[in-house]
């Protein structure tokens, strides 16, 4: 029996030593380069974001850490599409010419040798004028890790009226969340659009019942004023909603809603 135990102990020691040696021998230097043997992921933009052309994407992933970081080389043929960044991304253009346009209308022409960073929340269009290749490092940004400061039961109740009204397609429920003079705003072609909240009620009644849910991302309260940020979903469409709320007597009401489609 002692011989068997010793034998297995020796095997475990050898395997551990081998694994340690392999780890020690693994280079921590990674060359950002590809060749004919490097496999590529091939895809194209979804039809709902495609504006013009028929761009084809190729991605060569050189290193990645699940849900945290991805690095490699990306290439696209000519075309134009909408996109929104949910992560930090450093890019360096290796070849070609592209035009990146922010939702504000500001344009950036990028070509071989140019480097830039796309921050989380960047929203706009990417137009490939000449087949463009870039290397990149993308780092995940988890908005759910933001601190939620003492969300009030009243604030949550107002948000839930908003969601429940959309879920049932009933603007009378939605209206419980808002003040009479509340407004709804969004950005369109770089311009802020603001309308009375009645426009939202009309949309709720017109669309009817739908699957609806939300996740509270951030909430800050100072006395009788609160700012809340949620990610909502109505049917298949997701949004970021920013609410300004006030406390009237013992009830919180939304005075303004600003949204961004995802």
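Numbering (mature numbering (1 follows the signal peptide of the UniProt record, and there is no 0)), first residue to last: -19 to -1, 1 to 243.
No residue lacks a Cβ here, since even glycine has one placed at the ideal position from N, Cα and C.
Source: prediction; values computed, not measured.
Is it true that the CB of residue j sits closer than 8 Å to the CB of residue i?
i, j, result
"residue 99", "residue 70", "yes"
"residue 234", "residue 139", "yes"
"residue 142", "residue 162", "no"
"residue 191", "residue 148", "yes"
"residue 89", "residue 66", "no"
"residue 50", "residue 121", "yes"
"residue 195", "residue 144", "yes"
"residue 223", "residue 210", "yes"
"residue 42", "residue 22", "yes"
Can you give me the start and stop residues for the beta strand (DSSP E) that residue i sits inside?
i, result
"residue 160", "159 to 169"
"residue 22", "22 to 24"
"residue 228", "218 to 229"
"residue 105", "104 to 121"
"residue 193", "193 to 203"
"residue 139", "Here residue 139 belongs to no beta strand (DSSP E); instead the alpha helix (DSSP H) covers 134 to 149."
"residue 15", "Premise fails: residue 15 is in no beta strand (DSSP E) and is neither H nor E."
"residue 36", "Residue 36 -> no beta strand (DSSP E), and no H or E assigned at all."
"residue 87", "It is not in any beta strand (DSSP E) - residue 87 carries neither H nor E in the DSSP assignment."
"residue 236", "232 to 242"
"residue 60", "60 to 65"
"residue 100", "That residue, residue 100, is in no beta strand (DSSP E); it is neither H nor E in DSSP."
Closest to residue i by C-alpha separation, out of the options, would be which residue?
i, options, result
"residue 239", "202, 177, 232", "177"
"residue 72", "97, 198, 219", "97"
"residue 160", "228, 149, 217, 19", "228"
"residue 44", "32, 117, 225", "117"
"residue 93", "83, 105, 111, 9", "111"
"residue 185", "35, 175, 152, 81", "152"
"residue 172", "196, 85, 193", "85"
"residue 37", "58, 242, 218", "58"
"residue 182", "154, 224, 121", "154"
"residue 136", "19, 20, 206", "206"
"residue 108", "119, 95, 91", "91"
Contact defined as beta carbons within less than 8 Å: I believe residue i pairs with residue j. What is the distance between those atoms, to the nearest angstrom?
i, j, result
"residue 166", "residue 237", "7 Å"
"residue 40", "residue 53", "6 Å"
"residue 114", "residue 76", "5 Å"
"residue 150", "residue 189", "4 Å"
List the endpoints of the continuous alpha helix (DSSP H) containing residue i.
i, result
"residue 49", "Per DSSP, residue 49 belongs to no alpha helix (DSSP H) and is neither H nor E."
"residue 183", "179 to 188"
"residue 156", "Note, residue 156: premise wrong, no alpha helix (DSSP H); not H, not E."
| query | Does the stretch 7 to 14 touch the stretch 23 to 32, meaning 3 or more C-beta pairs lie closer than 8 Å? | reply | no
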